[in-house]
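Here the structure comes first, spelled out in structure tokens, and everything after it is commentary.
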Amino acid sequence: SEMYLNRAEAHVGKNELTEASSDLKAIIGRAFNTSGSELTLEYSDDQDLLSLIKRERVKELAFEGHNFFDIVRWKDDLVRGSNTASNVQFLPYPNDLFVLPIPQTELNANTNMQGNPTVNN
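The numbering of the sequence shown is the working numbering, which starts it at 20 and goes up by one.
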């Protein structure tokens with residue numbers, strides 16, 4: 020399902036909405052044990068279709084560790100509900116906290132490398 024969702028997202032980026040819609044229908048149809056071709060997706064433009072793809076991606080890839088990287092790739096704000104253990108409920112994009120730390124072993128191996136000051140302290 021991830022490959023179909025990736026391809027659907029790429030089709031939207033190329034303004035190939037019919038192809039993107041077909042890929043998304045295949046994923047949704049699989050959940051209902053159909054080909055998906057008989058499904059109707061309601062969207063008015065590329066951003067509406069991308070929103071449908073994003074929502075399906077969250078459902079399909081839940082608990083697989085993709086969500087953070089998707090949010091960064093989409094340049095979306097990080098919004099969490101109140102049912103999280105994190106103190107951060109909202110993090111606007113761009114933000115230094117979206118950058119992952121450089122592993123300490125890499126910093127030790129190359130003394131010319133500087134870590135991200137926000138996360139490598």
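Just so you know, even glycine gets a beta-carbon here, dropped at the ideal spot from N, CA and C.
| Item | Value |
| --- | --- |
| Proximity winner among I72, H30, N127, relative to I47 (alpha-carbon distances) | I72 |
| For V91, the first and last residue of its enclosing alpha helix (DSSP H) | 86 to 93 |
| Under the three-state DSSP convention, the category L24 falls into | helix |
| Any 3 or more C-beta pairs closer than 8 Å across the segment 72 to 82 and the segment 106 to 115 | no |
| A39 classed as buried or exposed, judged by whether at least 16 other C-beta atoms fall within 10 angstroms | buried |
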